[in-house]
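Participant:
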């Protein structure tokens, strides 16, 4: 089994009193969040540094991937979505098989 397995999950979370929708792809190193209202923008959060966010901006220039990075506290809705990823258990500590015996 590959270590780069991605899990795609649906998120429903509350932000500013409204229930909102997003999707997430989670693997062992990062979570990529796409909000339903912004389908062309992808937010990446490194699981080794979850306070740092990389925003991939849309572009029409072939081969270019413009990005911006910032602290997650700058994007309160992303914090709410990441809390939902944690609540669903995707970011919790994993127990290896060798520790179960």
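Residue numbers (UniProt numbering): 1 to 101. For glycine and all other residues, C-beta sits at the position ideal for the given N, C-alpha and C. Just so you know, these numbers come straight off a predicted model, no measurement behind them.
On the DSSP bridge list, what partners appear for residue 8?
Facilitator: As a first step, residue 8 is located in the chain shown; it is residue number 8 there, counting from the start. BP columns for residue 8 point to 25.
Participant: Shortest alpha-carbon distance to residue 24 belongs to which of 74, 14 and 39?
Facilitator: As a first step, residue 24 must be located in the chain shown, where it is residue number 24. With distances taken between Cα atoms, residue 24 lies closest to 39.
Participant: Helix, strand or coil for residue 51 per DSSP?
Facilitator: Here residue 51 corresponds to residue number 51 of the chain shown, with the count starting at 1. Reduced to three states, the DSSP call for residue 51 is coil.
Participant: DSSP three-state call for residue 20: helix, strand or coil?
Facilitator: Stepping through the chain shown from its first residue, residue 20 is reached at position 20. The answer is strand: DSSP assigns residue 20 an E or B state.
Participant: Quick one: measure Cβ to Cβ for residue 71 and residue 51, integer angstroms, because I've assumed they're closer than 8 Å.
Facilitator: In the chain shown, the residue the question calls residue 71 occupies position 71. In the chain shown, the residue the question calls residue 51 occupies position 51. Confirmed, Cβ separation roughly 6 Å.
Participant: With distances taken from CA atoms, which of 9, 14, 45 and 36 is nearest residue 29?
Facilitator: Within the chain shown, the letter at position 29 stands for residue 29. Out of 9, 14, 45 and 36, 45 has the C-alpha closest to the C-alpha of residue 29.
Participant: Can you name, in chain order, every residue of its own chain whose Cβ lies under 6 Å from the Cβ of residue 16, other than the five neighbours on each side?
Facilitator: Numbered from its first residue, the chain shown carries residue 16 at position 16. Within the same chain, residue 16 has no close Cβ partners at all.
Participant: For residue 11, which option in 36, 67 and 27 has the closest C-alpha, if you only look at C-alpha atoms?
Facilitator: Translated into positions along the chain shown, residue 11 becomes position 11. Considering only alpha carbons, the answer is 36.
Participant: Alpha carbon to alpha carbon, how far is residue 53 from residue 80? Give it in angstroms, no decimals.
Facilitator: Counting from one through the chain shown, the residue named residue 80 turns up at place 80. Counting from one through the chain shown, the residue named residue 53 turns up at place 53. The alpha-carbon atoms of residue 80 and residue 53 are separated by roughly 14 Å.
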